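Residue numbers (our numbering): 66 to 312. Ideal Cβ placement from N, Cα and C applies to all residues, glycine included. As the structure is a computational prediction, the values presented were derived from the model and not from experiment. In what follows, a structure is listed as structure tokens, so that the remarks can point back to it.
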Ligand SMILES: O=C(O)CCC(=O)C(=O)O
Ligand SMILES: [Fe+2]
């Protein structure tokens, strides 16, 4: 078997790697933590319906989403794991493998919470919960989050938690991280500067990465990517984090 070299994979021709996965215990832990955070938020904001949410479960959440104001209930700040979850995750085999690939790293705290931010995303069937194609570098260029004062490079990690391979997940444009000439501009939407991609998507060979639950996509800061329209009849749940790898 070829030994894994993640740096080479993400800096090479494709700009991403799908070689890493959570082990089943880690996937179970994350599913439990997401469910607890999801349900607690609903417990506070929709206590009358909590019994239904509890029985239905997060992957079938879309069937009950009409009972809440979805956008108001799920701002990013409500989906950032507490410090304790990150600490547990960091002790597991997935992070140990990342450390053996990249050496010591921090995880970014874009929200300025005072701890490392690992957050989840909940995408209902259809096209309402997905954002446009972008590179994460554009968000940093627009001032989302502050970089530390030591020299480091960013590496993004996206992990499938509830996914239907081939029907939902992450879109990528392989090799797009090698160009600095993609056209985009920033626009303020709901008080937040967001990058808008100014190229024609039809002209680009964007494709869906097939990801089984637990499978990670480790990708370059400049790789063009975005959420795929969810063609499954279940919600897609995934997590994200940014490694700050010291030079
Ligand atoms: O999961 C998505 O819909 C988008 C993910 C993304 O933009 C990221 O992981 O940086
Ligand atoms: Fe992104």
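- Pairing residue 132 with residue 298, the inter-Cα distance amounts to about 19 Å.
- Three or more beta-carbon pairs separated by less than 8 Å are not found between the stretch 257 to 269 and the stretch 212 to 219, which leaves the two stretches without contact.
- In this chain, the alpha helix (DSSP H) harbouring residue 90 covers 89 to 110.
- Excluding sequence positions up to five before and after residue 196, its CB lies within less than 7 Å of the CB of 291 and 292, all in the same chain and listed in chain order.
- In this structure the stretch 140 to 147 touches the stretch 91 to 108; the number of beta carbon pairs closer than 8 Å is three or more.
- Contiguous alpha helix (DSSP H) elements confined to the stretch 200 to 246 occur at 201 to 206, taking only those with 4 or more residues.
- Here residue 272 is exposed. Its C-beta has fewer than 16 other C-beta atoms within 10 Å.
- DSSP, read as helix, strand or coil, puts residue 154 in helix.
- The C-alpha of residue 154 is placed about 17 Å away from the C-alpha of residue 220.
- With distances taken between CA atoms, residue 309 lies nearest to 182 out of 88, 182, 252 and 198.
- A direct Cα-to-Cα measurement between residue 114 and residue 107 gives close to 8 Å.
- Residue environment analysis places residue 234 among the buried positions, since at least 16 neighbouring C-beta atoms fall within 10 angstroms of its C-beta.
- Uninterrupted alpha helix (DSSP H) stretches at least 4 residues long and entirely within the stretch 280 to 309 do not occur.
- Residue 272 carries a strand assignment under DSSP once its states are collapsed to helix, strand and coil.
- Separation of residue 73 and residue 185 (C-alpha to C-alpha, rounded to the nearest whole angstrom) is 27 Å.
- Rounded to the nearest angstrom, the Cβ distance from residue 301 to residue 150 is 20 Å, too far for a contact under 8 Å.
- Closest option to residue 203, judged by alpha-carbon separation, among 193, 288, 92 and 124: 288.
- Between ligand 2 and residue 124, a heavy atom-to-CB distance of less than 6 Å is absent.
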